[in-house]
Amino acid sequence: MKIKVINSDKIVIKDLQTALDLMMNARYGDDYEAVVINKEAVSEDFFRLSSGLAGEILQKFVNYNMKLAVYGDYSKYTSKPLRDFILESNNGKHFFFVESQEEAIRRYNDDITEELQADS
1 MKIKVINSDK
11 IVIKDLQTAL
21 DLMMNARYGD
31 DYEAVVINKE
41 AVSEDFFRLS
51 SGLAGEILQK
61 FVNYNMKLAV
71 YGDYSKYTSK
81 PLRDFILESN
91 NGKHFFFVES
101 QEEAIRRYND
111 DITEELQADS
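Residue numbers (the UniProt record's numbering): 1 to 120.
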């Protein structure tokens with residue numbers, strides 16, 4: 001799996017359009033299948049579920065068969081709906097929230113290994 005890794009101190013995903021631009025460039029410009037991005041490069045609106053931004057972005061990633069992992073420290077978030085959303089996402093294989101870039105990449109690589117073993 002080809003993974004685009006982004007580690008930026010500037011916000012890269014500000015809104016739905018910037019997320020779409022990132023996804024389309026990664027998918028069709030560079031042939032990546034997944035994006036791993038640090039939490040600081042994602043707008044705080046994404047983590048405020050009432051904004052709807054997280055749902056919109058994740059739906060677009062599903063529609064274009066792209067995977068997304070956001071890594072960083074989530075301890076400052078006390079919202080139960082957000083914590084539940086993170087836990088639910090982490091049970092899947094397309095979107096998850098982890099502490100480190102290495103963990104995100106490892107998870108995608110583990111998923112590939114599981115798929116290959118299932119096909120054998």
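Positions of the beta carbon are idealized from the N, C-alpha and C atoms, including for glycine.
Just so we're clear, the structure is a prediction, and the values are computed from it rather than from any experiment.
Contacts around residue i, its chain only, beta-carbon distance under 8 Å, and the 5 residues preceding and following it disregarded
i: residue 38; result: 6, 7, 8, 70, 71, 72 and 101
i: residue 24; result: 64
i: residue 15; result: 43, 45 and 53
Contacts around residue i, its chain only, beta-carbon distance under 6 Å, and the 5 residues preceding and following it disregarded
i: residue 48; result: none
i: residue 96; result: 69, 89 and 90
i: residue 33; result: 1 and 2
Outcome for residue i when other beta-carbon atoms lying within 10 angstroms are tallied against a minimum of 16
i: residue 87; result: exposed
i: residue 35; result: buried
CB-CB length for residue i against residue j, believed under 8 Å
i: residue 3; j: residue 41; result: About 15 Å; that fails the 8 Å criterion.
i: residue 74; j: residue 1; result: Going by Cβ atoms, the distance from residue 74 to residue 1 rounds to 24 Å, so no, they are not a contact pair.
Short Cβ contact (8 Å threshold) for residue i with residue j
i: residue 94; j: residue 61; result: yes
i: residue 57; j: residue 19; result: yes
Close beta carbons around residue i, own chain, < 7 Å, minus the five adjacent residues each side
i: residue 27; result: 64 and 66
Beta-ladder partner(s) of residue i, from DSSP
i: residue 38; result: 71
i: residue 2; result: Answer is none; residue 2 lacks a bridge partner.
i: residue 95; result: 68
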